[in-house]
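Just so we're aligned, residue 557 is where the sequence shown starts under this note's numbering, counting upward by one.
Beta carbons are placed, not taken as given, at the ideal position from N, Cα and C, and that holds for glycine.
These numbers come from a predicted model, not from an experiment.
A short worksheet on the structure shown next.
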Amino acid sequence: MREAMLYERLDDKRVRCILCAHRCVIQPGKRGICGVRENRDGTLYSLVDGLIIAENLDPIEKKPLFHVCPGSLSYSVASVGCNFRCVFCQNYEISQVSQDQAVMPGRARTPEQIVDYAMRSGALSIAYTYTEPTVFFEFVYETGRLAHEKNILNLFISNGFLTPEALDLAGTVIDAANIDLKSFSNSFYRKYCGGRLQPVLDTLQGMHEQGIWLEVTTLIIPGLNDSPEELRDIARFIRSLGPEVPWHISRFYPQYELHTIGATPPETIQNACRIGTEEGLKYVYSGNLPGDNGEKTRCPSCGTLLIDRYGFRILGINLSGTACPRCGTQLDGILNCGGLEKRAGETS
557 MREAMLYERL DDKRVRCILC AHRCVIQPGK RGICGVRENR DGTLYSLVDG
607 LIIAENLDPI EKKPLFHVCP GSLSYSVASV GCNFRCVFCQ NYEISQVSQD
657 QAVMPGRART PEQIVDYAMR SGALSIAYTY TEPTVFFEFV YETGRLAHEK
707 NILNLFISNG FLTPEALDLA GTVIDAANID LKSFSNSFYR KYCGGRLQPV
757 LDTLQGMHEQ GIWLEVTTLI IPGLNDSPEE LRDIARFIRS LGPEVPWHIS
807 RFYPQYELHT IGATPPETIQ NACRIGTEEG LKYVYSGNLP GDNGEKTRCP
857 SCGTLLIDRY GFRILGINLS GTACPRCGTQ LDGILNCGGL EKRAGETS
């Protein structure tokens, strides 16, 4: 436990958390919506700082980040908690915290330990992922600063429901992010996630302006966010950020409280990918469809296969440095990573 960053003291020992866009006003003895930030006698504390509930060495493609050090490993960590209440959450066992939970689970870890473990594992990056890294922001920030001293990238896998104040700080340590754009409907965010759309759009815009490498994921749920009109709206918004921003379109499977809806038909995912391409996006990917052609990275200029994938596995990298070997078009992303050319030579 440590005193939280990004809050302000109010009268009567109340505090306002300014970390996420809920901007919770918290009474003494109470917690914010996330369940892991508590007002104790007029001081806001993070209850999960340094408590890691999940810690794994993942392929970076699992984040998913397809344009950051392809084929590399990412040391991935999470604490419990989330500022959303998505009824379709895939990690609800660790993301959803009750307001009266007395003891927060997790292994005690310091930022120094995480950076050391990442270096010893051969990872090129540390990913703050699985739950919602916004709610363990203090740990992200301190670990991120140390990681940069060791030339390790920081990856932020998030719902994007940050305040501008938090984004300003995050931008000093985060190199790349995958942000969920769950829908282009505010009513969807309110009904199914307990959030709002506009702060997510603002985060996407802000991250892009800060120069954070950005990829976007949309989980397509049949009947809820799969209309061609909504998909086109999402694609157009991403295109407004820049045609180089990759869009990952993922297949839904029944999860958590949303068991009445079946899995997304593959043709729905493929149609969404076509819409993204029609709207001018250079990189559109299908997700949760192992073996689908939409997993591959092709040159946006000539169509040459540049990175061949099956699920999270890299089958081959066909690059000349960081460019298409056929036409010379540069592949967008963070690609000047140690060993990329060597891996390309070994696997192509």
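- Closest in alpha carbon position to Phe712, among Pro615, Leu875, Asn734 and Tyr812, is Asn734.
- By DSSP's assignment, Asn595 forms a beta bridge with Leu600.
- The three-state reading of DSSP puts Gly872 in strand, counting E and B together.
- Between Glu721 and Arg882, the alpha-carbon positions lie close to 44 Å from each other.
- For Ala791, no beta strand (DSSP E) run applies; the uninterrupted alpha helix (DSSP H) run containing it begins and ends at Pro784 to Leu797, by DSSP.
- In this structure, the beta-carbon distance from Phe692 to Pro667 does not fall below 8 Å.
- Measuring C-alpha to C-alpha distances from Ser681 to each of Arg701, Gly836 and Pro821 identifies Arg701 as the nearest.
- Cα atoms of Arg752 and Phe717: separation of roughly 8 Å, rounded to the nearest angstrom.
- In the displayed model, Pro615 falls within a strand according to three-state DSSP.
- A residue is called buried when at least 16 other Cβ atoms come within 10 angstroms of its Cβ; Ser677 does not meet this threshold and is exposed.
- The three-state secondary structure of Phe712, taken from DSSP, is strand.
- Annotation for Leu753: the continuous alpha helix (DSSP H) segment containing it runs Leu753 to Gln766.
- Across the structure, Leu837 and Lys852 are spaced so that their CA atoms are roughly 15 Å apart.
- For Thr774, the enclosing beta strand (DSSP E) has its first and last residue at Trp769 to Ile776.
- Taking the C-beta atoms as reference points, Cys642 is found no nearer than 8 Å to Cys573.
- Short of 6 Å from the beta carbon of Cys855, and not among the five residues preceding or following it, lie these beta carbons of its own chain, in chain order: Leu862, Cys880 and Thr885.
- In this model, Ser783 and Thr824 are separated by some 9 Å (Cα to Cα).
- Take Asp848, set aside five residues on each side of it, and the residues of its chain with a beta-carbon closer than 8 Å to its own are Pro822, Ile825, Gln826 and Ser842, in chain order.
- Judged by DSSP in its simplified three-state form, Cys829 adopts helix.
- The stretch 637 to 652 makes contact with the stretch 577 to 594; the number of CB pairs closer than 8 Å reaches 3 or more.
- Looking from the CA of Arg596, the closest CA among Asp614, Lys569 and Ala610 belongs to Lys569.
- By the Cβ criterion, the stretch 600 to 608 is not in contact with the stretch 860 to 878, since fewer than three pairs of Cβ atoms, one from each stretch, lie closer than 8 Å.
- Annotation for Glu564: the continuous beta strand (DSSP E) segment containing it runs Tyr563 to Arg565.
- The DSSP assignment places 681 to 684 as complete runs of the beta strand (DSSP E) inside the stretch 631 to 685, in order along the chain (cut-off: 3 residues).
- Relative to Glu813, the option among Lys747, Pro661 and Ile708 whose CA is nearest is Lys747.
- Boundaries of the beta strand (DSSP E) harbouring Asp864: Leu861 to Tyr866, taken from the DSSP string.
- Ranking Tyr631, Gly598 and Gly627 by CA distance to the CA of Ala610 puts Tyr631 first.
- In the three-state scheme derived from DSSP, where H, G and I count as helix and E and B as strand, Gly836 is classed as coil.
- Between Leu723 and Gly762, the CB-CB gap stays under 8 Å.
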